[in-house]
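When the letters of the sequence shown are read in order and numbered with our numbering, they come out as residues 19 to 427. Think of the CB as a built atom: it goes at the ideal place given N, C-alpha and C, for glycine as much as any other residue. All values derive from a computational prediction rather than experimental measurement. Worksheet: one structure, shown below.
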Amino acid sequence: MSSYESTVRYFDQAAGMMGLSANMRKLLLTPLRELKVQIAVERDNGEIATYIGYRVQHDNARGPMKGGLRYHPEVNADEVLALASLMTWKTAVVNIPYGGAKGGIAVNTKDLSQGELERLTRKFVDQIHDVIGPDTDIPAPDMATNAQVMAWIMNQYGKYHGFNPAVVTGKPVELHGSEGREEATGRGVVTVTCALLEKLKRKVNHTTVALQGFGNVGSFAATFLHERGAKVLGVTDASGGVWNPEGLDIPALLQFTKERGSIKGFSGGDALSNEELLASDVDVLIPAALGNVLDAHNAENVRAKFIVEAANNPTQPEADDVFHRRGITVVPDILANAGGVTVSYFEWVQNRQHFKWELARVRTELDRIMTESFDRVWEIAESRKVPLRVAAYLLGIGRVGRATVLGGL
Ligand code: GLU
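Shown next as structure tokens:
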């Protein structure tokens, strides 16, 4: 099943329960615009390299479209469309005034120098600047893009349209970015994890965790979990993994990865493969890397009681069915990882008001939105007797559907 087919299946589960007509379903699923562009850049050695860039603008019924830009070799039209649609439901679940979009370039950034990365980014903006903007579509970081890339986007966009920092979020704090944006997705993941544990009368400091991915999301999630007293027993990244039944020393692991670029060679535990991590005996499993990692095959081996989807689209529908049957609670991506786009919203608000918030205010507002959204989804799940994913889709689709009908065609 393709990534987009998976998201449509999740949509259909909820849309069926809502009794949405076929026409309405088609309207809500069909993207507003799909863009595929050529990006030709000069390499440092003088050669020409040609890449393909994408931007899918999925829905704008609730506001300007919003979503990250991903630089990854596997980026393709199907995946970007799937991720754009997830942004539509995600912004609706946390009730921020945006629609959904997503973009990316099929490229391995490890093959590029910093100069090549900058030229690639500026060329991409040259191709899409007419269709993005603070009131239409606002990019942000995603896999392998960061604050520096966002700074180049703001600068290049400004060459066409004048100074307008709100065209992109996730910028450096020194250049119109927001305090707390970098940590936001990981922090939100931990807020909803703790909210879940509280509902089930479990103590965070008696909870064990396995984490797939130690990039922006995984590393901050690990940090906040560690701060709250949970034990992170296992972590993997693209280079390998590490396991310590007593709990990993997360500050030491962070320091190590800062210096070495990956967790390979960290001595604070035993080696661990990805498959072992997914099947490890922990309370909470947090996939925080690629999509589609939990499938029909490995879902049967999962021993965690709870899965919190820090990554986008990590669970294939067949695996989701297995988790439901086995009584494993899944906190879905469109709720669990919405902290990033929520603080992107705060950044956009600050840019438009030319007024900077303190970190404490960002954190307080983020924690409030994540907790309230979790509670709302939990209530729907309880009252409708459905899994949290279906409840989140019921909430998200309901809000987008109402805005669509109110606005009219
Ligand atoms: N890429 C992030 C996500 O998937 C953040 C998007 C944003 O901040 O606009 O939610």
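Taking all protein chains shown into account, do 16 or more other C-beta atoms lie within 10 angstroms of the C-beta of residue i, making it buried, or fewer, making it exposed?
| i | result |
| --- | --- |
| methionine 168 | buried |
| glutamate 97 | buried |
| isoleucine 415 | buried |
| alanine 162 | buried |
| aspartate 77 | buried |
| serine 20 | exposed |
| glutamate 197 | buried |
| glutamate 200 | buried |
| phenylalanine 284 | buried |
| tyrosine 28 | buried |
| glutamine 371 | exposed |
| glutamate 216 | exposed |
| leucine 87 | buried |
| serine 131 | exposed |
Return helix, strand or coil for residue i, following the three-state DSSP convention.
| i | result |
| --- | --- |
| methionine 83 | strand |
| tyrosine 116 | coil |
| isoleucine 57 | strand |
| tryptophan 261 | strand |
| glutamate 52 | strand |
| tryptophan 301 | Sequence inspection shows aspartate at residue 301; the tryptophan mentioned does not correspond to that position. It is coil, neither helix nor strand. |
| aspartate 351 | helix |
| phenylalanine 387 | First, the amino acid is wrong: residue 387 is isoleucine here, not phenylalanine. Helix, per DSSP. |
| leucine 45 | helix |
| phenylalanine 242 | helix |
| arginine 220 | coil |
| leucine 251 | strand |
| histidine 342 | helix |
| isoleucine 398 | helix |
| phenylalanine 373 | coil |
| proline 152 | coil |
| leucine 99 | helix |
| aspartate 393 | helix |
| glutamine 273 | helix |
| arginine 15 | The structure shown does not extend to residue 15, since the chain is modelled only from 19 to 427, so the question has no answer here. |
I think residue i touches residue j, with their Cβ atoms under 8 Å apart; what is that distance to the nearest whole Å?
| i | j | result |
| --- | --- | --- |
| glycine 122 | lysine 108 | Going by Cβ atoms, the distance from glycine 122 to lysine 108 rounds to 17 Å, so no, they are not a contact pair. |
| valine 300 | threonine 226 | 4 Å |
| lysine 141 | valine 59 | 6 Å |
| glycine 445 | alanine 239 | Nothing about residue 445 can be read from this structure; the chain reaches only from 19 to 427. |
| methionine 42 | glycine 419 | 7 Å |
| alanine 354 | glutamate 327 | 5 Å |
| alanine 158 | serine 362 | 5 Å |
| valine 112 | threonine 360 | 5 Å |
| glycine 252 | alanine 270 | With 8 Å as the limit, glycine 252 and alanine 270 do not qualify as a contact, their Cβ atoms being about 15 Å apart. |
| threonine 254 | leucine 218 | That pair is no contact at about 26 Å. |
| leucine 99 | proline 49 | 6 Å |
| alanine 202 | leucine 384 | 6 Å |
| alanine 329 | alanine 228 | Going by Cβ atoms, the distance from alanine 329 to alanine 228 rounds to 14 Å, so no, they are not a contact pair. |
| alanine 213 | lysine 189 | Their Cβ separation, rounded to whole angstroms, is 29 Å, which puts alanine 213 and lysine 189 out of contact at 8 Å. |
| valine 149 | arginine 73 | 7 Å |
| alanine 307 | glycine 236 | 7 Å |
| leucine 272 | threonine 241 | 7 Å |
Between residue i and chain D, is any beta-carbon pair separated by less than 8 Å?
| i | result |
| --- | --- |
| valine 26 | Looking for chain D here will not work: only one protein chain is present. |
Is residue i near the ligand GLU, judged by its Cβ being under 7 Å from some heavy atom?
| i | result |
| --- | --- |
| lysine 108 | yes |
| glycine 84 | Position check: residue 84 holds lysine in this sequence, whereas glycine was assumed. Yes - the ligand GLU has a heavy atom lying nearer than 7 Å to the Cβ of lysine 84. |
| threonine 275 | no |
| threonine 187 | yes |
| asparagine 94 | no |
| aspartate 339 | no |
| aspartate 160 | yes |
| asparagine 330 | yes |
| valine 367 | no |
| asparagine 355 | yes |
| serine 362 | yes |
| glycine 231 | no |
| valine 359 | yes |
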